[in-house]
Amino acid sequence: MRYSKYFIPTHKEAPSDAEVISHQLMIRAGMIRKLTSGVYTYLPLCLRSIRKVEDIIREEMNRAGAIEILMPAVQPAELWQESGRWEHYGRELLRFKDRHDREACFGPTHEEVITDLIRKEIHSYKQMPINLYQIQTKFRDEIRPRFGIMRGREFIMKDAYSFDVDEEGANLSYEAMYEAYTRIFDRCGLKFRAVEADTGAIGGSYSHEFMVLAETGEDQIINCTGCDYAANLERAEVKPSETLPESDVQELNPIIEVATPGIKTVEEVADFLSVLPSQLIKSLIFVVDGEEIAVLIRGDHELNEAKLKSLLGAQTVELAFERVVEEITGAPVGFAGPVGLNIRIVADHALKGMRDFVTGGNRKDLHLRNVNMKRDFEVDLFGDLRVITSQDSCPRCGRKIEFGRGIEVGHIFKLGTKYSQALKAVFLNHQGKETPIIMGCYGIGVGRTVAAAIEQNHDKDGIIFPIPIAPFEVIILPLQMHDTGVVETAEKIYTELLDIKVDTLLDDRDERAGVKFNDADLLGIPIRVTVGVKGIKGGQVEIKLRSETESFFVPINNAASSINEKVEALNDSPK
RNA sequence: CGGGGCGUGGCGCAGCCUGGUAGCGCACCUGCUUUGGGAGCAGGGUGUCGGAGGUUCAAAUCCUCUCGCCCCGACCA
10 MRYSKYFIPT HKEAPSDAEV ISHQLMIRAG MIRKLTSGVY TYLPLCLRSI
60 RKVEDIIREE MNRAGAIEIL MPAVQPAELW QESGRWEHYG RELLRFKDRH
110 DREACFGPTH EEVITDLIRK EIHSYKQMPI NLYQIQTKFR DEIRPRFGIM
160 RGREFIMKDA YSFDVDEEGA NLSYEAMYEA YTRIFDRCGL KFRAVEADTG
210 AIGGSYSHEF MVLAETGEDQ IINCTGCDYA ANLERAEVKP SETLPESDVQ
260 ELNPIIEVAT PGIKTVEEVA DFLSVLPSQL IKSLIFVVDG EEIAVLIRGD
310 HELNEAKLKS LLGAQTVELA FERVVEEITG APVGFAGPVG LNIRIVADHA
360 LKGMRDFVTG GNRKDLHLRN VNMKRDFEVD LFGDLRVITS QDSCPRCGRK
410 IEFGRGIEVG HIFKLGTKYS QALKAVFLNH QGKETPIIMG CYGIGVGRTV
460 AAAIEQNHDK DGIIFPIPIA PFEVIILPLQ MHDTGVVETA EKIYTELLDI
510 KVDTLLDDRD ERAGVKFNDA DLLGIPIRVT VGVKGIKGGQ VEIKLRSETE
560 SFFVPINNAA SSINEKVEAL NDSPK
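Rendered as C-alpha cells:
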C-alpha cells in the first residue's frame, strides 16, 4: 500500500476525552474515530489489524473443529422472553419495535438464536458434538462506555456455541476451546493468563476468562505463586481459616451497649472504641430476589456480591435502600447489627472463630460490644462471601498469591442445560430417550484484543504492534522524494516485498524525514526500512525494528530477503 | 440513575468572573526557501461560541431550559 493513496489521518495531539493510552494512540494513529458514545468507525489501519485477529481466530476455531456461520443481529423479543432474559438482561439490551409494533432487540449475544436454530435442526445424538461460531457486530448498551473500543457499546465479537450429548462431551468441547483460545492469544503475540471467572449475566456453571496482562486493565486478577491457580478477583475463592473451638461459651463476656453518636463507618467505630477493624462485624442489609437478608462480614473484609449471589442461587442481589434498612433495623444506616433481627442471616466463614465482637445496636448512635454468635443471634447460613486479600493464601495449595490487572479479551463458559431447557432444545439419545442438549459458549472481543495489544505494547512514541496483528509488517521510508535514486530504490524494495507477500506500506508522501519517522513510530509497524541518500551511496538501506533502539544496514540487492527473514523471525517468536 | 466537569474553526485551548469588533498553537491552502527525527518566512481560508428562550442599547460572557460529551459513583453503612 502507498501511504499517499491510503487513509491514515494521524494527529499530534489526542482528544482530551481519551483517558487510557490505547484509546489515545488509536485516535492519534488514525485507527478509530468516534461517532457517538461507545460507537466507533474503524479506519483502514484498525480494520487491517482486526482482520488479522479474525484470521487467526478463524484458523484456530476451524482447527478445533468449529464451523463458521453468521446469525442475524436483530432478534425477536419472543425468543428472549422464552429464555427469560427479556426480563433479566436489563437495560443493556437495546430494544426497539419494528413497523408492525413487534418488539425486537439488537443482539448483545446469541444463545437464544443459536439454541433456536439447534432445536429445529438437531434431533439425534448422531448429530453431535457440534460447535458453531460467528464473527459479528454486537450491541450492548453499557452503563458507561469508556476507553475507546475497549468498552464500546457496539463491538465486534467472535462467539461460539458447542452442543454435546453429555457432560463428558461438553467437557471435551470446553477443553478444545480452552486450547484454541490459548493458541489464538499466543499467536496474537499477547502476554495473557487464563483465570477462573464468575459467570455473570450469560449464566452457566463454570468459566475461564482470558486476560491480557496490563496495568490499566479493568479487572483485578490473582494468581498463585506456587501452583497454577489464577482467578478473577470477583471469583477467587477464600480458604476458610482455622476455626476456634466453641466449647468455652460460659466464659463469654456480657453485652455492653456503647453510645456512638454519629459514628458509623468501620474505621470510625474501631477508632472510637480503640479496637481493630477485624473485631467489628459489618451488617449489610440486602434484597435478594425480593427477600431482605442480613449479610455479616468481618469489619476489615470486603463483601463479594458475586459470591453472595451464587451462595444463595439468586437472580438479583441489591443493597437495600436506606428506607428499607431503617424499617428492618429500626435505626438509620450505620447502626445495623444482627442482634434481634428477624430476617435470614448469612455470614462469611471468617466469623466462625470470632468472639466478643462489636456490631451495630439497631438503634441510632448505638453499638454493642462483646456480641457472640449462638448466645446473641443465630446465623442461618455460612459461606465464602468475601473478597480475597493479600493476607490470604492460595485456596488450592496454600502458598502466597499475587495481585495483578488484566483486560478480558476472551471468556469461555460451560452453560449446561440452562438454555436448552428454557428453549426446549432436546435430542433422542442412544436409548431413544428425550434429553436436553449440553451447551457451552465461547466469546472473544476482537476489537478489544487489538486495543489490549496496544495497551500492552507501546512506548512514548506510539504503538509497538506484535507483528501477527500489525496492520502492516513493514514500512518503507524514502527520505528524499526528490532524489530519483532514493525513490527508485524504495520502489524496488516495495515491489519485491509485495511479490513475496510481505505486508508493506510505502510512505511515498513528500514529507520531511522527521514527519515520516514520527508517523512510523506512532503507527507501530514492526519493521522500518529507511531509504536515504546516505545509505544509497554505500549501496545500503537501514532496517530498524520498532521494538528495538538499534538499527542495522543491509545491501539493497538482498534487502527484500533480509527483511523477509526478519518478518518470519518476528512471526515465529511469540512473546 | 446520583455527583462533578466540559461544550468556542478539524485537534488542543484562551476569552466568560467584571457584557462592548471572537483569539492563540497545531492542522489546512498558495508561494519561496528548506529537507536523516513533527522546518522557516510571507500570504490565505476556516466559527450559526452545542441548541432554544430570556435579560440588555448590546450576550461566547448574565439567567432559565434543553441536548451532547467526559470523569467519579451507583456495594462495603
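Numbers 10 to 584, taken from the numbering used here, label the letters of the first sequence in order.
Where a beta carbon is used, it is the ideal one built from N, C-alpha and C, also for glycine.
Opening and closing residue of the beta strand (DSSP E) in which residue i lies
{"i": "Met166", "result": "Glu163 to Asp173"}
{"i": "His376", "result": "Leu375 to Val380"}
{"i": "Leu424", "result": "Ile410 to Gly425"}
{"i": "His32", "result": "Not the beta strand (DSSP E): His32 falls in the alpha helix (DSSP H), residues Ile30 to Arg37."}
{"i": "His217", "result": "Tyr215 to Leu222"}
{"i": "Arg94", "result": "Segment Arg94 to His97 is the alpha helix (DSSP H) holding Arg94; no beta strand (DSSP E) there."}
{"i": "Phe562", "result": "Ser560 to Pro564"}
{"i": "Ala239", "result": "Ala239 to Asn241"}
{"i": "Thr146", "result": "Ile139 to Phe148"}
{"i": "Val304", "result": "Glu300 to Arg307"}
{"i": "Leu390", "result": "Leu390 to Gly392"}
{"i": "Asp228", "result": "Asp228 to Cys233"}
{"i": "Ile536", "result": "Ile536 to Val540"}
{"i": "Glu176", "result": "Note, Glu176: premise wrong, no beta strand (DSSP E); alpha helix (DSSP H) at Glu176 to Arg196."}
First through last residue of the alpha helix (DSSP H) which encompasses residue i
{"i": "Tyr503", "result": "Thr493 to Asp508"}
{"i": "Asp64", "result": "Pro53 to Arg72"}
{"i": "Ile572", "result": "Ala568 to Asp581"}
{"i": "Ser292", "result": "Run containing Ser292: none in the alpha helix (DSSP H); it sits in the beta strand (DSSP E), Ile290 to Val297."}
Buried versus exposed, by CB contacts within 10 Å (16 or more), residue i
{"i": "Phe366", "result": "buried"}
{"i": "Ala27", "result": "buried"}
{"i": "Leu79", "result": "exposed"}
{"i": "Leu506", "result": "buried"}
{"i": "Phe295", "result": "buried"}
{"i": "Ile265", "result": "exposed"}
{"i": "Asp581", "result": "exposed"}
{"i": "Lys584", "result": "Here the model assigns Lys584 a pLDDT of 49, short of 50, so the residue's position is not dependable, and the following value carries that caveat. Lys584 should be labelled exposed."}
{"i": "Ser31", "result": "buried"}
{"i": "Glu574", "result": "exposed"}
{"i": "Arg11", "result": "exposed"}
{"i": "Asp516", "result": "buried"}
{"i": "Leu188", "result": "Correcting the residue type first, residue 188 is Glu in the shown sequence and not Leu. With fewer than 16 Cβ atoms within 10 Å of its Cβ, Glu188 is classed as exposed."}
{"i": "Ala303", "result": "buried"}
{"i": "His491", "result": "exposed"}
{"i": "Val83", "result": "exposed"}
{"i": "Ile473", "result": "buried"}
{"i": "Glu277", "result": "exposed"}
{"i": "Asn466", "result": "buried"}
{"i": "Val542", "result": "exposed"}
{"i": "Leu52", "result": "buried"}
{"i": "His236", "result": "In the sequence on display, residue 236 carries Cys and not His. Exposed, since its Cβ has fewer than 16 Cβ neighbours within 10 Å."}
{"i": "Pro480", "result": "buried"}
Supposed close pair residue i, residue j - CB separation, criterion 8 Å
{"i": "Ala340", "j": "Arg372", "result": "5 Å"}
{"i": "Met137", "j": "Ala460", "result": "In fact, because the Cβ distance is near 36 Å, the residues do not count as touching under 8 Å."}
{"i": "Ser171", "j": "Met448", "result": "7 Å"}
{"i": "Gly471", "j": "Ala38", "result": "7 Å"}
{"i": "Thr498", "j": "Val550", "result": "7 Å"}
{"i": "His97", "j": "Gln430", "result": "The Cβ separation is near 15 Å, so there is no contact."}
{"i": "Gln47", "j": "Glu151", "result": "Per the sequence shown, the amino acid found at residue 47 is Gly instead of Gln. That pair is a contact at about 6 Å."}
{"i": "Ile7", "j": "Ala434", "result": "Past the edges of the chain, shown from 10 to 584, lies residue 7, and the structure says nothing about it."}
{"i": "Glu464", "j": "Val29", "result": "7 Å"}
{"i": "Ile230", "j": "Gly415", "result": "5 Å"}
{"i": "Val4", "j": "Glu63", "result": "The chain is shown from 10 up to 584; residue 4 falls before or after that span and cannot be answered."}
Within 8 Å, strictly: CB atoms of residue i and residue j
{"i": "Ala412", "j": "Ser399", "result": "The sequence given here places Phe at residue 412; Ala does not occur at that position. Contact flag set, yes."}
{"i": "Leu293", "j": "Leu321", "result": "no"}
{"i": "Ile65", "j": "Cys197", "result": "yes"}
{"i": "Leu360", "j": "Leu289", "result": "no"}
{"i": "Asn241", "j": "Val204", "result": "yes"}
{"i": "Leu199", "j": "Pro475", "result": "yes"}
{"i": "Val388", "j": "Ala345", "result": "no"}
{"i": "Thr50", "j": "Arg60", "result": "no"}
{"i": "Val496", "j": "Ile534", "result": "no"}
{"i": "Val247", "j": "Ile397", "result": "yes"}
{"i": "Arg364", "j": "Leu261", "result": "yes"}
Point to revise | Within the segment 450–491, ranges of the beta strand (DSSP E) (whole runs, at least 3 residues) | key: 483–487
Check your understanding: If you scan the segment 324–383 from start to end, which runs of the alpha helix (DSSP H) of 4 or more residues do you find wholly inside it?
Key -> 331–338
Practice item. Any chance you could list the alpha helix (DSSP H) runs of at least 4 consecutive residues sitting entirely within the segment 93–138, in chain order? Key: 94–97 and 120–130
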